[in-house]
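K.L.:
Residue numbers are given in full-length UniProt numbering: position 154 of the sequence shown equals residue 154, and the series is strictly consecutive.
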Amino acid sequence: MQESNTRQKILLASRMLFAEKGFHKAKMEEIAEAAGVGKGTIYDYFKSKKELFETMIKDIANEFKSVFIEKIGEERDFESKLKKLAELKFEINKSHIYIESLVFKNLSSFDEELLEWLKDFREKMIGFIADIMCEGIKGGHIKDVNPKLAALIYLGGAHLLSHYICEQEKDEYESMKNEGLELLHEITFRGLGK
Numbered sequence: 001m002q003e004s005n006t007r008q009k010i011l012l013a014s015r016m017l018f019a020e021k022g023f024h025k026a027k028m029e030e031i032a033e034a035a036g037v038g039k040g041t042i043y044d045y046f047k048s049k050k051e052l053f054e055t056m057i058k059d060i061a062n063e064f065k066s067v068f069i070e071k072i073g074e075e076r077d078f079e080s081k082l083k084k085l086a087e088l089k090f091e092i093n094k095s096h097i098y099i100e101s102l103v104f105k106n107l108s109s110f111d112e113e114l115l116e117w118l119k120d121f122r123e124k125m126i127g128f129i130a131d132i133m134c135e136g137i138k139g140g141h142i143k144d145v146n147p148k149l150a151a152l153i154y155l156g157g158a159h160l161l162s163h164y165i166c167e168q169e170k171d172e173y174e175s176m177k178n179e180g181l182e183l184l185h186e187i188t189f190r191g192l193g194k
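Here it is, written out as structure tokens:
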């Protein structure tokens, strides 16, 4: 238990420091200090800063995936699943605002293997959402369209909407979020036509 707790502390500390400083400027000493461990302890768990960084990225992605699958799986009908998907995008973006910064600031530090892993991960997540779209098609909730493209369009809309609204002032956030989610849902199921 102590071992996994120490590993987790290191990973959590690395998230904030890599997001704040980037891969190259974040120092292992700083990560150790933020985690409350000695620098040498980090090397008991990760052989290099690169390995720590890659493990952290994969852990974050897998955490998000688990949350999506669990929460969406709790919903019974198609429309509720899509609503939950968009709500989760907002929750994740609001509570993990540093993640996007972390990825974009450090994209040049990703090696080919990690980029391939992320591409494969993205494809699996799109496939998961495409399966929900297939469920909607079979249930007669949406037209018989390409489920993967429908998944990309819905996810893209939810992604951009949540990022934009999460940047708004705190007092505007909740009303804009609710209005945005309602409009996304309306456009998805009824289109923009009059």
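We put the beta carbon where it would ideally sit given N, CA and C, even for glycine.
Since this is a predicted model, take the numbers as computed values, not measurements.
For K89, collect the residues of the same chain with a Cβ closer than 7 Å to its Cβ; drop the 5 residues on either side in sequence, then sort them by chain order.
P.N.:
Counting only Cβ-Cβ distances below 7 Å, and skipping sequence neighbours, we find A158, H159, S162.
K.L.:
If we count Cβ pairs, one from each stretch, closer than 8 Å, do we get three or more for the segment 12-20 versus the segment 47-62?
P.N.:
Verdict: yes, contact present.
K.L.:
For the segment 126-133 against the segment 148-157, do three or more pairs of beta-carbon atoms, one drawn from each stretch, fall closer than 8 Å, so that the two count as touching?
P.N.:
Yes, since at least three Cβ pairs between the segment 126-133 and the segment 148-157 fall closer than 8 Å, the two stretches touch.
K.L.:
Quick check on I10: buried or exposed, where buried means 16 or more other Cβ atoms within 10 Å of its Cβ?
P.N.:
It counts as buried.
K.L.:
Determine the contact status of L181 and E87, defining contact as a CB-CB distance below 9 Å.
P.N.:
In contact: L181 and E87 (Cβ atoms closer than 9 Å).
K.L.:
Could you check where the alpha helix (DSSP H) with L47 kicks off and where it finishes?
P.N.:
The displayed chain sequence assigns Lys, not Leu, to residue 47. Counting along the chain, K47 falls outside any alpha helix (DSSP H), and DSSP gives it neither H nor E.
K.L.:
Which same chain residues, not among the five before or five after C134, have their C-beta less than 7 Å away from its C-beta?
P.N.:
Excluding positions up to five away in sequence, the list reads P147.
K.L.:
Count Cβ pairs between the segment 94-111 and the segment 19-29 that sit closer than 8 Å; are there 3 or more?
P.N.:
Yes, they touch.
K.L.:
Would you tell me roughly how many angstroms separate the C-alpha atoms of S66 and E91, rounded to the nearest one?
P.N.:
S66 and E91: Cα-Cα distance of roughly 14 Å.
K.L.:
Confirm, please, whether the CB-CB distance from K84 to K71 is below 9 Å.
P.N.:
Yes; because the gap between Cβ atoms is below 9 Å, this pair is in contact.
K.L.:
In whole angstroms, give me the CA-to-CA distance for I142 and Y173.
P.N.:
When rounded, the distance between both Cα atoms is 30 Å.
K.L.:
Thinking C-alpha only, which one of I99, E179, G140, A32 is nearest E79?
P.N.:
Closest option to E79, Cα to Cα, is G140.
K.L.:
Of the choices Q168, S48, T41, E33, whose alpha-carbon is the least far from that of S4?
P.N.:
Among Q168, S48, T41, E33, the Cα nearest to that of S4 belongs to T41.
K.L.:
Quick check on this structure: which residue in E169, A19, D77, I165 has the alpha carbon closest to the alpha carbon of I99?
P.N.:
Checked all of E169, A19, D77, I165; the closest Cα to I99 is A19.
K.L.:
Does the separation of the CB atoms of L102 and F110 fall below 9 Å?
P.N.:
No, they are not a contact pair.
K.L.:
Just mark R76 as buried or exposed, buried being the case when its beta carbon has 16 or more other beta carbons within 10 Å.
P.N.:
It is exposed - the Cβ of R76 has fewer than 16 other Cβ atoms within 10 Å.
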